[in-house]
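S.K.: Sequential numbering from 0 applies to the sequence shown in numbering that gives the first Met the number 0.
Even for Gly, the Cβ is constructed at its ideal location relative to N, Cα and C.
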Amino acid sequence: MMKKKAIQLLILVLLAESLVISISADEILVTKYVEKSQLKVGEDLRIFLNITNPFNESLRVRIKDHNSVGGSTLEIECYEAIIPAKRTFTLEYEPLAIYLPGNFTLSEAEVTYIDPISGKERVSKSNKLTIKVSGNMSGNFRATKTIRIYNCNGISLRQVSYGSYIGVGNVQINFPKQERNETTATIEEKDIIEKLEKILEKSLAFRAALKILEKENYSLIQKNFSKITKDVFNFTYSYVNPKGEKAKLIGKINLSNESVYDLKLIKIKEAKNKELLDLIKTSIALLFLGIIIIVIGYALYLKIRDIRKRQKMEIVASIDTNTSNDGEFQEIEENLERAKKLYESGDQKEAYSLLSYALKEYLKLKYELNNNFTNNELLSLLRKKNCEESKQIEKILKLCDLVKFAKLSPDRSVFYQTLEDIKRLVKNVSKK
């Protein structure tokens, strides 16, 4: 017997999978099937729902389904699931116990999703199924079981209720429409309102919406019911939170099957808040932009001020340097005159030493040298600076060293020629 059931179930799964071939490439396929379509009183009905995603990306779907068979009801008010790309998702419902014989029809399941191509909300429906239940019941005793499931928006609720009754029959409630301005309802209307409120209390979707409102500190300020047909009513529950933001819960209630549908939670604050948020964002952006402009402007001001300050200092330093240089060049010329007098008085060695000293002082001024260099170091530095007179300077320094250290005694004309060469160098620089 178990083997036969497994084979039947496998055939049904394969049949559902084969239907994927005929699916349109732009919509999902929803297939409802059961383990057995013919049962006996006392057995359990197992229902399955296959959802095939043909798209190249995963889809978040919401399932809504109502199944009522042999005294048992499974009401899926909302069930969220993610279907992987190019895959089939199978949802197995809770088994339904069969209490009553007869022929029953399982309604279409609705699957809502956002089409990834168009970006619009779409609804796909499953097939209907006929279930035949055989068997007998003793007397007129009837048992019932109702399971309600809500698993959406991060809220998971499950409700199971049992009942029993004797006999068969429907109790219909109706009252005539009255034109009046009274604020109090009749006793008959109050009974209807109580029944509508009880149906809402049983609705898991309604309770889930209430939880969302409670988390955001909304309080009920008004509720209203309006009749559409004999058994169908519109309802509107109005709420407000401490910030003055308003919200509404609206939908429809069917008295005959005690169902709640077309439930919507509307937050009136959203449009205004969006405008306010956009205004705040724009203001903050402009504020930061203004701060950046001020900072950049101040930084430029400081930089320009420093540049001008440095320029003024350079001008002053240039004036001071020129004044100082004039005095130092005069001192060099005086040393040259002293060297001439020393030579004429017969002190040849001191005369050449003073010529060497005056030449080095001239080089220190011209090339801004602060250290005392040896002759070789000084000549090497002059070559690096591409000094045009480097050869002449080298010749003079070597001559002076020979007189000082080697006791060379050059001709009288050599001294005066060397003196004139140094004077000419000093005058050329001092004129600049």
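Can you tell which of 234, 364, 305 has the C-alpha that lies nearest to the C-alpha of residue 328?
M.R.: 364
S.K.: According to DSSP, is residue 277 part of a helix, a strand, or is it coil?
M.R.: DSSP places residue 277 in helix when its eight states are reduced to three.
S.K.: On the three-state DSSP scale, how would you describe residue 74?
M.R.: strand
S.K.: If we ignore side chains and look at the alpha-carbon of each, how far apart do residue 425 and residue 289 end up?
M.R.: 60 Å
S.K.: Can you tell me where the beta strand (DSSP E) with residue 224 in it begins and where it stops?
M.R.: 218-226
S.K.: Between the segment 65-83 and the segment 94-107, do three or more beta carbon pairs fall short of 8 Å?
M.R.: yes
S.K.: Apart from the five residues just before and just after residue 131, which ones in its own chain have a Cβ nearer than 6 Å to its Cβ?
M.R.: 37, 102
S.K.: Where do the N-terminal and C-terminal ends of the alpha helix (DSSP H) with residue 205 fall, by residue?
M.R.: 203-214
S.K.: Start and end of the beta strand (DSSP E) containing residue 61?
M.R.: 58-68
S.K.: Which same chain residues end up closer than 8 Å to residue 380 when comparing Cβ atoms and leaving out the 5 residues on each side of it in sequence?
M.R.: Cβ within range, chain order: 366, 368, 372.
S.K.: Would you say the segment 232-241 touches the segment 292-312, given that touching needs at least three Cβ pairs under 8 Å?
M.R.: no
S.K.: How close, in whole Å, do the beta carbons of residue 78 and residue 150 come, if the pair is a contact with beta carbons under 8 Å?
M.R.: 5 Å
S.K.: Counting pairs of Cβ atoms below 8 Å between the segment 45-63 and the segment 76-91, do you hit three or more?
M.R.: yes
S.K.: Since residue 334 and residue 350 should fall inside the 8 Å C-beta cutoff, what is the C-beta to C-beta distance between them, to a whole number of angstroms?
M.R.: With a Cβ gap of about 11 Å, residue 334 and residue 350 do not count as contacting.
S.K.: Give every residue of the same chain whose Cβ lies closer than 7 Å to the Cβ of residue 331, excluding the five residues on either side of it in the sequence, and list them in chain order.
M.R.: 357, 360, 361, 425
S.K.: What's the call for residue 279, buried or exposed, on a 16-neighbour Cβ count within 10 Å?
M.R.: exposed
S.K.: If you compare alpha carbons, which of 224, 46, 397, 195 is closest to residue 375?
M.R.: 397
S.K.: Helix, strand or coil: which one does DSSP assign to residue 45?
M.R.: coil
S.K.: For residue 113, is the classification buried or exposed, using 16 other Cβ atoms within 10 angstroms of its Cβ as the cut-off for buried?
M.R.: Exposure of residue 113 is indicated by the presence of fewer than 16 other C-beta atoms within 10 angstroms of its C-beta.
S.K.: Can you tell me the Cβ-Cβ gap for residue 267 and residue 203, rounded? I've got them flagged as a contact below 8 Å.
M.R.: Incorrect: roughly 25 Å between the Cβ atoms, too far for contact.
S.K.: Please return the same chain residues whose Cβ sits closer than 7 Å to the Cβ of residue 22, not counting the five positions on each side in sequence.
M.R.: Confidence is the limiting factor: at residue 22 the pLDDT is only 44, short of 50, which leaves the residue's position unreliable and the question unanswerable from this model.
S.K.: Please return the same chain residues whose Cβ sits closer than 7 Å to the Cβ of residue 241, not counting the five positions on each side in sequence.
M.R.: Excluding its 5 nearest sequence neighbours in each direction, residue 241 has C-beta neighbours in its own chain below 7 Å: 216, listed in chain order.
S.K.: Since I believe residue 123 is in contact with residue 56 (beta carbons under 8 Å), could you give me their beta-carbon distance rounded to a whole number of angstroms?
M.R.: Not quite, the Cβ-Cβ distance comes to about 17 Å (not below 8 Å), so this is no contact.
S.K.: If I measure Cβ to Cβ from residue 250 and keep anything under 8 Å in the same chain, skipping five residues before and after, which residues do I get?
M.R.: 205, 233, 234, 259, 260, 261, 262, 263
S.K.: Run through DSSP, which three-state label would residue 92 get?
M.R.: coil
S.K.: When you compare only the Cα positions, how much space is there between residue 416 and residue 345?
M.R.: 17 Å
S.K.: CB-CB under 7 Å to residue 84, same chain, minus the five flanking residues each way: which ones, in chain order?
M.R.: Cβ within range, chain order: 52, 54, 55, 56, 57.
S.K.: Please determine, among 391, 31, 156, the residue with the shortest C-alpha to C-alpha distance to residue 423.
M.R.: 391
S.K.: Pull the bridge partners of residue 404 from the DSSP assignment, please.
M.R.: Paired residue(s): none; residue 404 is not in a bridge.
S.K.: Do you know whose CA, among 31, 41, 39, 116, lies nearest residue 49's CA?
M.R.: 31
S.K.: Using 10 angstroms around the beta-carbon of residue 72, count the other beta-carbons present and answer buried if the total reaches 16, otherwise exposed.
M.R.: buried
S.K.: What does a CB cutoff of less than 7 Å around residue 355 pick up in its chain, not counting 5 residues either side in sequence?
M.R.: 396, 399
S.K.: Assuming contact is defined by CB atoms lying nearer than 8 Å, are residue 111 and residue 120 in contact in what I supplied?
M.R.: yes
S.K.: Starting from residue 158, follow its DSSP beta bridges and name the residues at the other end.
M.R.: BP columns for residue 158 point to 147.
S.K.: Residue 189 to residue 212, Cα distance in whole Å?
M.R.: 26 Å
S.K.: With DSSP as the reference, please indicate the residues paired to residue 350 in a beta bridge.
M.R.: Beta-bridge pairing links residue 350 to no other residue.
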